[in-house]
Amino acid sequence: MSESTSQNDRHGRDAGAHGCSCCGSHSITRRGFLGNVGGATLLGGATLMLSPQADAAAAEPLAAERLPAGKSLRVQPVLMYSCPQPIEKSSWREYGGVQTVEAARQEAARIQADLQRLVPSLDFPVELLPLSLLATAEELTQTLAVDCDVRVVYAAGGWHIHKLLEGGKPVIMFVRHRTEPHYLWYEIAHWRLLRGDKDEFVQGHMTVDDVVVDDEQELVWRLRALYGLRNARGTKMLAIGGLTAYSQPAQEHGPSHAREVWNYELEEMTYEAFGKRLQQARGDESAIREAEKQTDELLSQPNVVLRTERRFVFNSFLALGVVKQIMQETGATNFGFGHCMVREVIGMLDTPPCLLLALANDEGFTAYCHTDLSHTLPGVLLRWIAGRPTFVCNSHFPYNGWLTVAHCAAPRKMNGKDLEPAAIMTHFESDYGAATKVEYTKGQVLTVIIPNLRCTMWQGFRGTIVDAPSRPVCRSQIDIQIDGDWRALQATMEGFHCQVCYGDYLREVGYALQKVGHVDWRCFSPVVA
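With the sequence shown counted from 1, adding 34 to any position gets you the numbering used here.
Here's what the structure looks like:
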């Protein structure tokens with residue numbers, strides 16, 4: 035299955051063939067910002083541009099540690115069946131090959147063996163709970179008492195499915211056709227369960243996407259989606275400088291949507307308070323030594339080229355150390371700087387936060403320009419689904435099957451383990467500090483999500499990297515070939531910022547959004563089965 039992350043299909047998921055907004059605000063324009071600071075000593079230094087044949091571009095990705103995993107998905111397998119008794123001259127039994135206690139025990143043993151073989155092959159953590167046999171009302175009570183994140187119901191027979199669906203946990207129904215023994219619900223899941231013996235769908239707790247026939251790899255990508263959702267929900271954001279979206283609709287709707295729909299916790303910290311912590315770190319010899327060590331390690335990597343001043347890299351590591359301390363104290367796993375391009379932030383950090391944010395994403399946190407929840411929500415979900423960093427970036431005008439994206443806070447560990455070649459340059463619009471110009475892999479398949487500003491819809495497509503050019507825009511740039519209906523995207527695109535991730539996770543994102551509700555999903559690419 036192309037959507038699974040097993041060793042057998044990872045190549046298929048990732049293979050090819052088939053003015054920067056990173057730091058704006060409502061109260062200040064880019065032109066106004068640059069005009070205000072253009073003559074200041076803060077923004078000294080010449081413009082540094084990479085040629086398309088930059089030194090770093092010739093280097094290979096560098097092996098590194100895999101991104102840390104999240105909380106395990108607790109999976110409860112349930113074998114639902116019944117044991118009908120013969121009644122002479124009556125139609126006493128239903129379809130299916132599991133209609134005795136002995137047959138159920140044999141099928142349960144097979145299911146457990148299959149799952150125990152499958153789970154270790156996954157590259158996201160799953161806690162496999164004991165299988166529940168379900169044929170009686172008493173067994174139903176026991177089954178519903180198990181604390182889990184999802185129930186995988188092997189629907190051989192029986193009629194307890196409605197109670198399971200009302201149990202408050204997602205349910206994935208697995209039925210057998212060709213793998214045997216035959217399951218009753220292969221026949222009746224669609225018309226009796228989903229449509230309630232009618233033509234139209236009436237079931238509110240399950241859709242056709244919750245039913246799997248025979249193929250356990252079809253189960254995998256659904257579990258991956260639910261794993262991502264388990265870790266995305268309840269995220270705690272550290273908003274340094276407050277909650278500041280890049281648009282008025284996102285400013286109005288983002289915080290309440292994040293709290294009410296995604297159960298986010300939003301921890302705000304003033305620039306003054308953060309500045310005091312940073313000043314303390316500047317007087318802490320151990321913090322300075324650690325930042326110096328990290329700077330040396332980064333700049334000694336064979337696929338990294340320094341094209342700005344070393345002190346900006348050091349400043350980024352020192353500030354990141356402070357952020358990580360505060361995140362540990364507060365329990366936050368996501369952060370951002372509210373007005374990330376304004377003089378107040380650049381002056382406080384003595385660099386724009388671009389490199390700081392990129393480094394945090396490569397460590398496994400989620401960190402984006404601004405504290406804009408409209409683009410934070412898809413970024414966090416996609417990071418957990420994929421087990422890879424997500425790159426928040428500006429969209430451009432889609433045309434002729436192309437979309438360009440660009441930003442200055444670009445992670446390098448895009449496949450979750452290897453660091454892409456990069457040059458460390460100035461942030462483009464300020465021509466100051468440190469930012470990554472990443473040489474993203476040509477031919478790499480991408481997931482692209484474009485959330486709208488009102489937090490009511492996400493649009494997505496699968497694409498392929500055609501080029502990582504060096505135009506006079508945000509430093510890290512990708513020209514993407516759209517695999518899908520680019521004209522429909524052009525005609526209906528909403529929002530502005532994109533979230534980009536290596537690999538194809540469109541099915542997982544769409545499935546997770548079904549469970550969330552309140553957010554529509556429009557995918558412009560054909561499903562790859």
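Each residue gets a CB set at the ideal place from its N, CA and C atoms; glycine is no exception. Keep in mind the model is a prediction, meaning the values are calculated, not measured.
Two segments are said to touch when three or more pairs of C-beta atoms, one from each, lie closer than 8 angstroms; by this definition the segment 216-229 does not touch the segment 265-278. In the pairwise beta carbon analysis, the segment 495-514 is classified as not touching the segment 398-410: fewer than three pairs are separated by under 8 angstroms. In this structure, R422 sits near Y536, with a CB-CB distance shorter than 8 angstroms. Taking 8 angstroms as the upper bound for CB-CB distance, Y545 and R256 are in contact here, some 6 angstroms apart. Annotation: I121 is outside any alpha helix (DSSP H) and is labelled neither H nor E by DSSP. Taking C-beta atoms as the reference points, K270 and T367 count as a pair closer than 8 angstroms. CA-to-CA, the gap between Q150 and G104 works out to about 20 angstroms.
By the criterion of at least three beta-carbon pairs nearer than 8 angstroms, the segment 520-528 is not in contact with the segment 474-483.
Nearest to E397 by C-alpha distance, out of E94, L101 and P95, is L101.
For Y466, the pairing in a beta bridge is given by DSSP as H461. Annotation: T213 to P111 spans about 18 angstroms, alpha carbon to alpha carbon. Contact annotation, A443 with A502: C-beta distance approximately 16 angstroms; criterion of less than 8 angstroms not satisfied.
In this structure, R210 lies away from L198, with their beta-carbon atoms at least 8 angstroms apart.
Three or more pairs of CB atoms, one per stretch, sit closer than 8 angstroms, so the segment 293-300 contacts the segment 254-268. Restricting attention to L156, D554 and E542, the CA atom closest to the CA of V561 is found in E542. Our two residues, W225 and Q176, have alpha carbons roughly 28 angstroms apart in a direct line. Within a 10 Å sphere around the beta-carbon of S155 sit fewer than 16 other beta-carbons, which makes this residue exposed. V426 is positioned such that its CB atom lies closer than 8 angstroms to that of Q533. Closest in alpha carbon position to R521, among D513, C557 and V553, is C557.
Taking C-beta atoms under 8 angstroms as the contact rule, M382 and G309 qualify, at a distance of about 5 angstroms. If one requires a minimum length of 4 residues, the alpha helix (DSSP H) runs lying completely within the segment 258-331 are 282-296 and 305-316, in chain order. At a Cβ-Cβ threshold of 8 angstroms, L253 and I206 count as neighbours.
Spanning the alpha carbons of F348 and Q511 requires a straight line of approximately 24 angstroms.
Secondary-structure assignment with DSSP links P485 through a beta bridge to W492.
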